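Protein chains in written order, with the working numbering: chain C, 1 to 663; chain Y, 1001 to 1102. Structure first, then comments.
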Amino acid sequence: MENIITFAPCVLLLPFLMFLFLGLTNYKWTGKQAGIIGTAGITVVAFCCYYIALQYFFGGVGKPDGATAYQTITVFNMEWMKMSVAHPGLTISIGFLLDPISAMMLIVISTVSLMVHIYSFGYMFEHGHYDEGMQRYYCVLSLFSFAMLGLVLATNIFQMYIFWELVGVSSFLLIGYYYKKPAAISACKKAFIVTRFADMFYLIGILIVSYYTKTFDFVEMNTLAENGHTLVGNSMEGLTFMGLSLTTLAMFLIFLGGAGKSAMFPFHIWLPDAMEGPTPSSALIHAATMVVAGVFLVARLFPVFAIDAPNALEAITYIGAFTALFAAVIAVAQTDIKRVLAFSTISQIAYMMVALGVARFSIEGVEHVETTLGFTASMWHLFTHAMFKAMLFLCCGCIIHCVESNEMAKMGGLKKYMPITWACFGIGCLAIAGIPPFSGFFSKGEILSACLENQCTGIYVIMTLTAGLTAFYMFRLFYHIFYYEENPEYATSEHKPHDQKWPMTLPLIVFAVLTCVCGFFPFGQLITASHEAIEIETNWFVEGVSLTTAALGIGIAYVLYYKKNDKPAKIMAKMQGLCTAASHRFYIDEVWYGITRSFIFGIICKSIAWFDRHCIDGFMDLMGWLTNRASSESKDFQSGHVQQYAWVFVMGVVVIGTLALYL
Amino acid sequence: MIPVEMYLIVSTLLFFIGVFGFLVRKNLVGMLMSIELILNAVNINFVAFNRYLFPEQIEGYAYSLFVIVVAAAETAVAIAIFFNVYRRKGSETVKSIRELKH
């Protein structure tokens, strides 16, 4: 425990200091030096994180002798701001909360961040020199690591909100890294505005909840009272707003913030465009860590959701299930390899949301059919997905580096040129498709059986269908890149595609190993909603069905895309409407654009602008005009004519004298 | 003996003639002369009150002498200024000097 207290501040402070140091002195370093400094810093942070997480899980810190459940430990909690007037006792603190999910997130964030730091050395080195903005890049990566660690370790919802916005800013900066590219600029603005829009709901939710509970603290909010309800549920008991329970409403608003960050429908539009950023940062932010912040948020407040706002959780399930299927369908029709992965990320995060949505909290002594298996499955999938999706993105980075294009049409037949990338990409595809023994098989299987165990058969069917689609589009991507038809340019080109140097290959291999082994981690022992170990049984029916659908998906992809043939074109011709719609992402972007144009710009902004121009500006103009008139009227008073002054003086004396005499 | 009111009437007339002259004369020298009239009205008051109220003391006479001396000095300075004004502006009217408003 004492050791943890020494290492804990380091985890938060070091990346922040690194950000300040690199940000303030970036003119002093070459890109390579800045990269080495940043990587050294994140290495230290990663080892601190591993140490803390291992001590927590296995070193007896989280589970002292004799305890059956993991403890929630507040390592430190400093008062930062006190709201004494309106709400005495309501304080905002900055702290460090350690419980199973935050310990797990420590491992995920530090591993992916470290690997991305190393990988970026190779990725940013092009045509014999390092990218000129590399100092800025590493500086923002440090900022992101700091913000993300602060987010998962937050002791209270307000601290989480602060770091939540910080990750949003660093995501904005990294998407807009190539600031000379107009597409990157509009993508970073889109990402920022969409997530900010969703965060507005999050903030409203926080305000409602903290108004009634008089606290921001997660531990206090989640604590179960005597009557089996949480503090949030108790303090808002019986309150309704427009026929909805206020608890449900507030928790749903909080979830909407999470939906923005986690790219749930209809806020998913920013994520595919965010692929304009450098590929390693996409791997870190838009595949492994930041986009799961929404899932983490729901998991963090899971007792409140499950006990006091089950309707909100139900809504999460439906939104998640729809998003999963919807994004998978779009992914099938995309031709940009990073966009395929982006839609696949949306779909997989939706899986995690669904798993949380179907999970229910079983209170002791009350007979419940529902189980909390979904919670464990969700966190498990978060972990495994972070590893294999980061790897897939990094593989894409290697491929893009060689081919210098994101389009599938420029690729094909890369297997013989890039064997290591081929192997890693293949492992990633097998994992995401849910083929044993790779990690995705286990976590996805648990999600599906959680759906079935909690009587959500409809959801189960949708998710299984999505799993089949996932297998299909991932292998479509895989065959398109590595088999299909070789691009004739490779044979004649001077720079043949090749596996990259070690900084880019090492992270791939590390992730590939992790993807192979992390399915066997005892997640049921470590991460559960009640912090007590649960038994995870393999549901053979579910596994059988999902394996069959996955095999079917892969089989169809093999038939269509292993070798160049005219079947895909024929199928596309048959389903032309669906294909066009899917390749245009079902026009959701256009709908948003239309709403923004006609409603927000056309009605709200115009009326506000009118009010600003005519009322606020008018009032200011009136003040100016009055002052102007008053001074121009009174300026003749000071004429410079001595005799005029003397007249005023004499008359003044007369008036004062008269008053003195007669009053 | 002439009553003190007579002196006061004379000095009041003199004072208001001075004030009137100061307010309406266009010529600088005329304004200066008006000021002299005001000062002399004060002098008459000093001397008259001294003579009628405290005949055995001389503060009133002394002050009137002071006033005469100060008025002479002031006249010297003012005339010097008027000369310069006349040289620069080519005019001796009060309207021609308005610079102090800036």
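By construction, the Cβ of each residue, glycine as well, lies at the ideal position given by its N, Cα and C atoms. Keep in mind the model is a prediction, meaning the values are calculated, not measured.
Among the CB atoms of chain C, one or more fall inside 8 Å of the CB of Y/K1095.
Taking C-alpha positions only, Y/I1035 is separated from Y/G1018 by approximately 6 Å. Close to C/H641, with beta-carbon spacing below 8 Å, are these residues of chain Y in chain order: V1094, K1095 and R1098.
In the DSSP assignment, C/E2 forms no beta bridge with any residue. Inter-segment contact for the stretch 435–455 of chain C and the stretch 372–384 of chain C is present: three or more beta-carbon pairs are separated by less than 8 Å.
At the C-beta level, C/V358 and C/I459 come within 8 Å of one another.
Around the CB of Y/N1084, fewer than 16 other CB atoms lie within 10 Å, so the residue is classed as exposed. Annotation: the continuous beta strand (DSSP E) that includes C/K82 extends over I73 to M83. The C-beta of C/W164 has 16 or more other C-beta atoms within 10 Å across all chains shown, which makes the residue buried. A straight line joining the alpha-carbon of C/D99 with that of C/I4 spans about 13 Å. One alpha carbon belongs to C/E453, the other to C/Q576, and they sit about 38 Å apart.
In chain order, V1019 and L1023 make up the part of chain Y whose C-beta sits under 8 Å from the C-beta of C/V650.
The stretch 312–321 of chain C and the stretch 259–276 of chain C touch, with no fewer than 3 CB-CB distances between them shorter than 8 Å.
Approximately 10 Å separates the beta-carbon atoms of C/C429 and C/M391; this is outside 8 Å, ruling out the contact.
Under the three-state reduction of DSSP output, C/S530 falls in the coil class, being neither helix nor strand. The C-alpha of C/Q159 is placed about 15 Å away from the C-alpha of C/K214. For the pair of segments examined, the stretch 293–307 of chain C was found to touch the stretch 226–242 of chain C: the number of CB pairs separated by less than 8 Å reaches three. For C/T457, the enclosing alpha helix (DSSP H) covers residues T457 to F482. Counted as a single uninterrupted DSSP element, the beta strand (DSSP E) harbouring C/G95 occupies residues L90 to L98. Put simply, the backbone Cα of C/S583 is about 36 Å away from that of C/N539. Identification of chain C residues near Y/K1089 by a Cβ-Cβ cut-off of 8 Å yields none; the smallest Cβ-Cβ distance measures about 13 Å. As the crow flies, the alpha-carbon of C/I435 is around 19 Å from that of C/A324. For Y/N1050, the uninterrupted alpha helix (DSSP H) segment begins and ends at L1028 to L1053.
Nearest Cα to C/T72 within the set C/Y562, C/V61, C/L54 and C/A283: C/V61.
Within chain Y, the residues L1023 have their CB atoms less than 7 Å from the CB of C/W647, given in chain order. C/M105 is positioned such that its CB atom lies no closer than 8 Å to that of C/G31. By the neighbour-count criterion, in which a residue is buried when 16 or more other Cβ atoms sit within 10 angstroms of its Cβ, C/G66 is exposed.
Listed by position along chain Y, the residues whose Cβ is nearer than 8 Å to that of C/Q638 are K1101. Between the beta-carbon of C/C49 and that of C/S110 there is about 4 Å, and that keeps the pair under the 8 Å contact cut.
Between the stretch 493–510 of chain C and the stretch 411–431 of chain C there are three or more inter-stretch CB-CB distances shorter than 8 Å, so the stretches are counted as touching. The residue from C/T223, C/M148, C/K563 and C/Y561 with its alpha-carbon nearest to that of C/A529 is C/T223. Under DSSP, C/Y130 forms a beta bridge with C/F125. Sequence-distant Cβ neighbours of C/I52 in its own chain, meaning closer than 8 Å and more than five residues away, are I4, F7, A8, V11, L98, A103 and L106.
Nearest to C/A433 by alpha-carbon distance, out of C/A409, C/K410, C/T289 and C/L477, is C/L477.
Within the same chain, and ignoring the five residues on either side of C/A550 in sequence, the residues whose Cβ sits closer than 7 Å to its Cβ are A433, G434, I435, A467, G468 and A471. Counting C-beta pairs closer than 8 Å gives fewer than three between the stretch 237–251 of chain C and the stretch 563–577 of chain C, which falls short of the contact rule.
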